[in-house]
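Undergrad: Once you've had a glance at the structure underneath, I'll fire off some questions.
Protein chains: 2
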Amino acid sequence: MRVFGVDPGLTRCGFGVVDGGPGRTVRPVAVDVVRTPADADLAVRLLQLSDAVERWLDAYRPDVVAVERVFSQHNVRTAMGTAQAGGVVALSAARRDLPVVFHTPSEVKAAVTGSGRADKAQVTAMVTKLLGLKVAPKPADAADALALAICHLWRAPMKTRMEEAQARAAELARAHRAKLAQAVAKTGRNAQ
Amino acid sequence: MRVFGVDPGLTRCGFGVVDGGPGRTVRPVAVDVVRTPADADLAVRLLQLSDAVERWLDAYRPDVVAVERVFSQHNVRTAMGTAQAGGVVALSAARRDLPVVFHTPSEVKAAVTGSGRADKAQVTAMVTKLLGLKVAPKPADAADALALAICHLWRAPMKTRMEEAQARAAELARAHRAKLAQAVAKTGRNAQ
Chain A
1 MRVFGVDPGL TRCGFGVVDG GPGRTVRPVA VDVVRTPADA DLAVRLLQLS
51 DAVERWLDAY RPDVVAVERV FSQHNVRTAM GTAQAGGVVA LSAARRDLPV
101 VFHTPSEVKA AVTGSGRADK AQVTAMVTKL LGLKVAPKPA DAADALALAI
151 CHLWRAPMKT RMEEAQARAA ELARAHRAKL AQAVAKTGRN AQ
Chain B
1 MRVFGVDPGL TRCGFGVVDG GPGRTVRPVA VDVVRTPADA DLAVRLLQLS
51 DAVERWLDAY RPDVVAVERV FSQHNVRTAM GTAQAGGVVA LSAARRDLPV
101 VFHTPSEVKA AVTGSGRADK AQVTAMVTKL LGLKVAPKPA DAADALALAI
151 CHLWRAPMKT RMEEAQARAA ELARAHRAKL AQAVAKTGRN AQ
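Protein chains in written order, with the working numbering: chain A, 1 to 192; chain B, 1 to 192.
What follows is the structure, given as structure tokens:
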């Protein structure tokens with residue numbers, strides 16, 4: 001499975017493509033950081049970012065797109081720009097019928113370092129090691145995009161298994177409720 | 001000038017098209033609210049919204065798109081969705097080389113009611129009156145979208161005049177500085 005990880009942003013947007021092999025093997029395919037000029041109109045910046053996403057989707061044909069989920073940031077203005085950048089990425093993927101999955105920063109950190117509170121240096125170090133890179137990806141946004149892709153490759157099977165288990169549990173509960181309702185109805189009839 | 005006003009949102013997105021005539025006359029063209037299912041994936045919701053925006057841009061061919069600027073909201077999750085919806089709208093406009101302008105809620109309220117702190121009922125009442133509608137547009141998102149378009153029609157000339165005045169002032173200041181520098185250089189030469 002090939003994953004396109006995106007650490008969304010308007011000033012710097014991290015792009016990273018990673019292939020997942022058997023077991024937990026991961027192979028780096030591409031990494032870059034896309035920048036848009038801070039003095040340009042918001043709409044123009046979103047368009048430039050969207051065009052870059054389209055080029056990467058054309059070039060690398062991922063099976064899924066993993067985007068960092070933004071919850072909040074100190075700077076509201078930055079948070080909005082980040083959310084909009086993420087939205088534009090998700091839109092491009094959806095237009096191609098590609099699944100888009102959002103992972104929180106702590107999920108990503110936990111997946112690659114074992115701790116949801118790891119710092120940027122630790123994430124970069126682990127990404128470099130896991131992908132067997134000779135040079136650490138820079139800036140942090142590039143490493144984060146690769147970490148997102150790895151996180152998705154490693155979390156996806158677990159998530160699928162969890163969802164299957166939940167669906168089975170829900171099915172059992174439904175069957176149980178139906179049986180109960182039947183029993184109650186029968187009791188009601190007998191009481192009449 | 002024809003303005004497409006958008007009150008962005010994922011659950012409800014207000015669309016309103018208004019034509020500006022001579023003086024401060026405004027004429028309603030179209031209004032609607034686009035909804036996307038709350039239980040659908042974010043990417044799918046953004047795609048549905050984007051498709052609706054494309055249809056409206058095709059159908060009404062506005063000269064400019066005015067979007068409500070989101071600063072912050074109580075619910076961070078909602079704020080992010082709103083920002084992403086606004087980003088998707090801005091992207092569609094930018095793809096067609098249409099200018100996109102953002103106005104804050106208080107600018108919109110002030111433009112149509114005279115007060116930046118007017119409530120929703122007041123905004124709806126004024127929009128209904130200004131556009132000569134027989135029935136008040138509902139829900140509030142629809143009225144807000146029309147208010148945004150009117151706000152843009154009325155603020156745009158003022159904004160342009162302000163920018164022109166600022167540019168003239170900057171030009172005068174530059175000329176003054178150049179003259180001063182010349183005088184200083186001359187004084188320096190005379191002193192040698």
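Cβ atoms here follow ideal geometry from the backbone N, Cα and C, with glycine treated the same way.
Name the chain A residues whose beta carbon is nearer than 7 Å to that of ASP7 of chain B?
TA: For this step, residue 7 of chain B is matched to residue 7 along the second sequence. What ASP7 of chain B touches in chain A: nothing, since even the nearest Cβ is about 16 Å away.
Undergrad: Extract the residue ranges of the beta strand (DSSP E) inside the segment 75 to 155 of chain B, only unbroken runs of 3 or more that lie entirely within it.
TA: Correct list: 100 to 103.
Undergrad: Of all the options B:ALA52, B:ALA183, B:VAL123 and B:GLU107, which has the alpha carbon lying nearest to the alpha carbon of PRO139 of chain B?
TA: As a first step, residue 139 of chain B must be located in the second sequence, where it is residue number 139. When only C-alpha atoms are compared, the closest one is B:VAL123.
Undergrad: Would you tell me roughly how many angstroms separate the C-alpha atoms of THR11 of chain B and PRO37 of chain B, rounded to the nearest one?
TA: As a working mapping, residue 11 of chain B is identified with position 11 in the second sequence. As a working mapping, residue 37 of chain B is identified with position 37 in the second sequence. Rounded to the nearest angstrom, the two C-alpha atoms are 7 Å apart.
Undergrad: Going along the chain, which residues of the segment 62 to 81 of chain B sit with their C-beta nearer than 7 Å to a C-beta in chain A?
TA: Hits within the stretch, in order: VAL70, PHE71, SER72, VAL76 and MET80.
Undergrad: Is DSSP giving ASP193 of chain A helix, strand or coil here?
TA: Because chain A here runs from 1 to 192, residue 193 of chain A falls outside it and cannot be looked at.
Undergrad: So does ASP144 of chain B have its beta carbon nearer than 7 Å to some heavy atom of the ligand FAD?
TA: The ligand FAD is not part of the structure shown, which contains no ligands of any sort.
Undergrad: Mind pulling the chain E residues with CB within less than 9 Å of ASP39 of chain B?
TA: Given the protein chain composition of this structure (A and B), no chain E is represented.
Undergrad: How far does the alpha helix (DSSP H) with ASP58 of chain A in it extend, from its first residue to its last?
TA: As a working note, residue 58 of chain A is residue 58 in the first sequence. First-last of the alpha helix (DSSP H) with ASP58 of chain A: 42 to 60.
Undergrad: How far does the beta strand (DSSP E) with ALA66 of chain A in it extend, from its first residue to its last?
TA: Position 66 of the first sequence, counted from the start, is the residue given in the question as residue 66 of chain A. Unbroken beta strand (DSSP E) run through ALA66 of chain A: 64 to 68.
Undergrad: Would you please verify whether the beta carbon of ARG96 of chain A is less than 8 Å from any beta carbon of chain B?
TA: Taking the first sequence and counting its residues from 1, one reaches residue 96 of chain A at position 96. Chain B, which has no Cβ nearer than 8 Å to the Cβ of ARG96 of chain A, makes this no.
Undergrad: Taking just the CA atoms, how far does THR187 of chain B sit from ALA111 of chain B?
TA: Counting from 1 along the second sequence, the entry for residue 111 of chain B is found at position 111. Counting from 1 along the second sequence, the entry for residue 187 of chain B is found at position 187. One C-alpha to the other measures close to 53 Å.
Undergrad: Give the range of the beta strand (DSSP E) segment to which PHE71 of chain B is assigned.
TA: Taking the second sequence and counting its residues from 1, the one referred to as residue 71 of chain B is at position 71. Where PHE71 of chain B is concerned, there is no enclosing beta strand (DSSP E), given that its DSSP letter is neither H nor E.
Undergrad: So, VAL26 of chain A versus PHE15 of chain A, is the Cβ gap smaller than 8 Å?
TA: Numbered from its first residue, the first sequence carries residue 26 of chain A at position 26. Numbered from its first residue, the first sequence carries residue 15 of chain A at position 15. The answer is no: Cβ separation not under 8 Å.
Undergrad: Using the beta-carbon count (16 or more within 10 Å), is GLU68 of chain A buried or exposed?
TA: Start at 1 with the first residue of the first sequence, and residue 68 of chain A comes out as number 68. Buried, by the Cβ-count rule.
Undergrad: Residues of chain A with CB under 9 Å from GLY87 of chain B, in chain order?
TA: As a first step, residue 87 of chain B must be located in the second sequence, where it is residue number 87. Those within 9 Å of GLY87 of chain B in chain A are LEU42, ALA43, LEU46, MET80, GLY81, ALA83, GLN84, ALA85, GLY86, GLY87, VAL88 and LEU91.
Undergrad: Would you decide whether VAL31 of chain B is buried or exposed? Buried here means 16 or more other CB atoms lie within 10 Å of its CB.
TA: Here residue 31 of chain B refers to the residue found at position 31 when the second sequence is read from its first residue. Flag for VAL31 of chain B reads buried.
Undergrad: Is there contact here, the segment 37 to 48 of chain B with the segment 83 to 97 of chain B, by at least three beta-carbon pairs under 8 Å?
TA: Result yes; three or more Cβ-Cβ pairs closer than 8 Å.
Undergrad: Which first and last residues belong to the beta strand (DSSP E) in which PRO28 of chain A is found?
TA: By 1-based counting over the first sequence, the position of residue 28 of chain A is 28. 26 to 35 is the span of the beta strand (DSSP E), which, as asked, contains PRO28 of chain A.
Undergrad: Measure the C-alpha to C-alpha separation of PRO105 of chain B and LEU133 of chain A and round it to an integer number of angstroms.
TA: Indexing the second sequence from 1 puts residue 105 of chain B at position 105. Indexing the first sequence from 1 puts residue 133 of chain A at position 133. Near 49 Å, if we compare the C-alpha coordinates of LEU133 of chain A and PRO105 of chain B.
Undergrad: Considering only C-alpha positions, which residue in the set A:PRO8, A:GLY20, A:CYS13 and A:GLY9 is nearest to CYS151 of chain A?
TA: Locating residue 151 of chain A in the first sequence gives position 151, where the first residue counts as 1. The residue with the shortest Cα to Cα distance from CYS151 of chain A is A:GLY20.
Undergrad: Could you compute how far the alpha carbon of LEU57 of chain B sits from the alpha carbon of ALA93 of chain B?
TA: Locating residue 57 of chain B in the second sequence gives position 57, where the first residue counts as 1. Locating residue 93 of chain B in the second sequence gives position 93, where the first residue counts as 1. Cα to Cα, LEU57 of chain B sits roughly 8 Å from ALA93 of chain B.
Undergrad: Applying the 10 Å Cβ sphere with the 16-neighbour rule, what's the burial state of VAL197 of chain A?
TA: Residue numbering for chain A in the displayed model covers 1 to 192; residue 197 of chain A lies beyond these limits and cannot be assessed.
Undergrad: Using C-beta distances below 8 Å, list every residue in its chain close to LEU131 of chain B, excluding the 5 sequence neighbours before and after it, in chain order.
TA: For this step, residue 131 of chain B is matched to residue 131 along the second sequence. Same-chain partners within the cutoff: VAL18, VAL26, ARG27, PRO28, LEU146 and ILE150.
Undergrad: Give me the chain A residues within the contact set of VAL100 of chain B, using Cβ-Cβ distance strictly less than 8 Å, ordered along the chain.
TA: Your numbering for residue 100 of chain B matches position 100 in the second sequence. Going along chain A in sequence order, the residues near VAL100 of chain B (Cβ under 8 Å) are ASP41, LEU42 and ALA43.
Undergrad: Quick check: the Cα distance between VAL53 of chain A and LEU153 of chain B, rounded to an integer number of angstroms?
TA: Counting from 1 along the first sequence, the entry for residue 53 of chain A is found at position 53. Counting from 1 along the second sequence, the entry for residue 153 of chain B is found at position 153. Distance between the alpha carbons of VAL53 of chain A and LEU153 of chain B: 34 Å.
Undergrad: Would you mind stating whether ALA66 of chain B and VAL3 of chain B have Cβ atoms separated by less than 8 Å?
TA: Position 66 of the second sequence, counted from the first residue, corresponds to residue 66 of chain B. Position 3 of the second sequence, counted from the first residue, corresponds to residue 3 of chain B. Closer than 8 Å, so yes.
Undergrad: For PRO62 of chain A and LEU91 of chain A, I'd like the C-alpha separation in whole angstroms.
TA: One-based indexing of the first sequence puts residue 62 of chain A at position 62. One-based indexing of the first sequence puts residue 91 of chain A at position 91. About 15 Å.
Undergrad: Tell me the residue span of the beta strand (DSSP E) that contains GLY9 of chain B.
TA: Translated into positions along the second sequence, residue 9 of chain B becomes position 9. First-last for GLY9 of chain B: undefined, no H or E at that position.
Undergrad: Pull up the DSSP beta-bridge partners for VAL3 of chain B, would you.
TA: Residue numbering aside, residue 3 of chain B sits at position 3 when the second sequence is read from its first letter. Bridge partners of VAL3 of chain B: B:VAL18 and B:VAL64.
Undergrad: Within 10 Å of its beta-carbon, does LEU172 of chain B have 16 or more other beta-carbons around it, so buried, or fewer, so exposed?
TA: Within the second sequence, numbered from 1, the residue matching residue 172 of chain B stands at position 172. Exposed, since its Cβ has fewer than 16 Cβ neighbours within 10 Å.
Undergrad: Helix or strand or just coil, what does DSSP make of ALA38 of chain B?
TA: Locating residue 38 of chain B in the second sequence gives position 38, where the first residue counts as 1. ALA38 of chain B: coil per DSSP, three-state reduction.
Undergrad: Just mark LYS202 of chain A as buried or exposed, buried being the case when its beta carbon has 16 or more other beta carbons within 10 Å.
TA: Lying before the first or after the last residue shown, residue 202 of chain A is absent from chain A, which here runs from 1 to 192.
Undergrad: Under a CB-based cut-off of 8 Å, is SER106 of chain A close to chain B?
TA: Position 106 of the first sequence holds residue 106 of chain A. Chain B contact via Cβ: absent.
Undergrad: Suppose the cutoff is 8 Å on Cβ atoms and the five residues either side in sequence are ignored; what does the same chain contact list for ALA178 of chain B look like?
TA: Looking up residue 178 of chain B in the second sequence gives position 178. Excluding residues within five positions, none has a Cβ falling inside 8 Å.
Undergrad: Can you give the Cα-Cα distance for GLU163 of chain B and PHE71 of chain B, rounded to whole angstroms?
TA: As a working note, residue 163 of chain B is residue 163 in the second sequence. As a working note, residue 71 of chain B is residue 71 in the second sequence. Their Cα atoms are separated by approximately 24 Å.
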